[in-house]
Amino acid sequence: MKKYIAILLSVVFFVLIFAGCTADKTIPCSYRHTCGDFEITLKVEDTVYKKSEISEDNCFNFVGEIKYSGTESVTIYHGAPIFAIGLSGVKTKDGADYISASQHDILTSTEIAPGETLTFEWTGEADYEYIGGFDKGTYTVDAFYEFTIGEDGEDISGSFDIPLIIE
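Quick note on the working numbering: the sequence shown kicks off at 8 and runs consecutively.
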């Protein structure tokens, strides 16, 4: 009887060990907002990274998309970039708060056709270089968009706040 209990406990132990090896990986996912004829998506490859695997040339992969599904081309007015993605919760070398996502107030315009998708990628490489690497911790990826349809049209804006963990 003791032999069977020992075997059962060994099996349970190994199952838990192997389950723990795969449980910490996140699954690629996307976050989505819909407003009228526009679908705004933030695609996330992963939200948990190992510090030892991050370098200036290999950081993160976040992609923002604005897809237009209307029937006629429209002009949208916006700051630059229209979809800003960056990192907050980081300190610079001198201890100051660092926020990398910004949108300029200078107004510009983009014509967008039916079925067209505007794509914006953020890898964090410039941030890595500027602050000299990332420490272990929990940060926030801030992604926001803001634009107006036509000169006097509807304002569309929103944001995504995604936790990012560096182990």
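Just so you know, even glycine gets a beta-carbon here, dropped at the ideal spot from N, CA and C.
Rounded C-beta distance between residue i and residue j? I'm assuming under 8 Å.
{"i": "Asp112", "j": "Gly86", "result": "6 Å"}
{"i": "Tyr152", "j": "Glu63", "result": "In fact, because the Cβ distance is near 27 Å, the residues do not count as touching under 8 Å."}
{"i": "Asp117", "j": "Ile89", "result": "Residue identity differs from the one stated: residue 117 is Thr in this sequence, not Asp. Correct: roughly 7 Å between the Cβ atoms."}
With a CB to CB cut of under 6 Å and the five nearest residues on each side skipped, what residues in its chain are close to residue i?
{"i": "Tyr38", "result": "Leu49, Phe167"}
{"i": "Gly43", "result": "none"}
{"i": "Leu171", "result": "Thr54, Tyr146, Val148"}
{"i": "Thr155", "result": "Tyr84, Asp162"}
Classify residue i as helix, strand or coil using the three-state DSSP reduction.
{"i": "Lys58", "result": "helix"}
{"i": "Ser37", "result": "strand"}
{"i": "Thr82", "result": "strand"}
{"i": "Phe69", "result": "strand"}
{"i": "Glu46", "result": "strand"}
{"i": "Ile172", "result": "strand"}
Excluding the 5 residues flanking residue i on each side, which residues of the same chain have their C-beta closer than 7 Å to its C-beta?
{"i": "Lys57", "result": "Glu174"}
**Message:** Suppose only complete runs of 4+ residues qualify. What are the alpha helix (DSSP H) ranges in the region 87–167, listed by chain order?
**Reply:** 132–138
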